[in-house]
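Comments concern the structure below.
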Amino acid sequence: MAEYTFREVIAQAMSEEMRKDESIYLMGEEVAEYNGAYKASKGMLDEFGPKRIIDTPIAELGFAGISVGAAMNGNRPIVEFMTFNFSLVGIDQIINNAAKIRQMSGGQWNCPIVFRGPTASAGQLGATHSQAFESWYANCPGLKVVVPSNPYDAKGLLKTA
Numbered sequence: 000m001a002e003y004t005f006r007e008v009i010a011q012a013m014s015e016e017m018r019k020d021e022s023i024y025l026m027g028e029e030v031a032e033y034n035g036a037y038k039a040s041k042g043m044l045d046e047f048g049p050k051r052i053i054d055t056p057i058a059e060l061g062f063a064g065i066s067v068g069a070a071m072n073g074n075r076p077i078v079e080f081m082t083f084n085f086s087l088v089g090i091d092q093i094i095n096n097a098a099k100i101r102q103m104s105g106g107q108w109n110c111p112i113v114f115r116g117p118t119a120s121a122g123q124l125g126a127t128h129s130q131a132f133e134s135w136y137a138n139c140p141g142l143k144v145v146v147p148s149n150p151y152d153a154k155g156l157l158k159t160a
């Protein structure tokens, strides 16, 4: 069996699902022109175009909120945070809207979003880029949190999400 890195299987999973479902798109900082801060979206802009691979400004609350509205209207956004530390800037949209809209609407609205990005310590990153908030999110009703330990699981879990 071939061995792949996390970034390779993340790109494979996103691309495979985007080929099957045109409502899926990727948005985040540097995901298009730069191929992702960690190159997890390499080549995707060429394949899927700028309407499905969307570079955002450094405004996590804004693009988290945009993705909630898009998901409620039939899209399936994948939101990439450059590091998951920055998800805290958009935490209100994540835990109070994306996570709870289904229950608050009595099942009338769904919010199928994947929020993804690297987490915990990483080489050559400072203290504000090296924290792990999985336990915070795991305690929020309506969220499913996964932290795969190997590339095989990463691909399967991302495709399932």
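Here the working numbering is used: the first residue of the sequence shown is 0, the next is one more, and so on. By construction, the Cβ of each residue, glycine as well, lies at the ideal position given by its N, Cα and C atoms. Everything numeric in this text was worked out from a predicted model, so none of it was measured.
Boundaries of the beta strand (DSSP E) around L25: 23-27.
Taking 8 Å as the upper bound for CB-CB distance, A58 and L157 are not in contact here, some 24 Å apart. The C-beta distance from Q130 to N84 rounds to 5 Å, short enough to meet the 8 Å contact threshold. Residue pairing from DSSP places F114 in a beta bridge opposite V78. At least 7 Å separates the beta-carbon of G27 from that of T4.
Excluding the 5 residues flanking it on each side, I9 has same chain C-beta neighbours closer than 8 Å at A39, R115, A153, K154, L157, in chain order.
Cβ neighbours of G73 within its own chain (closer than 7 Å, five residues either side excluded): S22.
Nearest to F62 by C-alpha distance, out of K41, L44, G89, is G89. Here the C-alpha atom of T82 lies approximately 25 Å from the C-alpha atom of E2. Taking 7 Å as the cut-off, the Cβ atoms of L142 and A98 count as close. In this model, G42 and F80 are separated by some 18 Å (Cα to Cα). As DSSP reads the structure, D54 sits in a beta bridge with G27. Here Q107 is exposed. Its C-beta has fewer than 16 other C-beta atoms within 10 Å. When C-alpha distances from C139 are compared across V30, N109, Q92, the shortest belongs to Q92.
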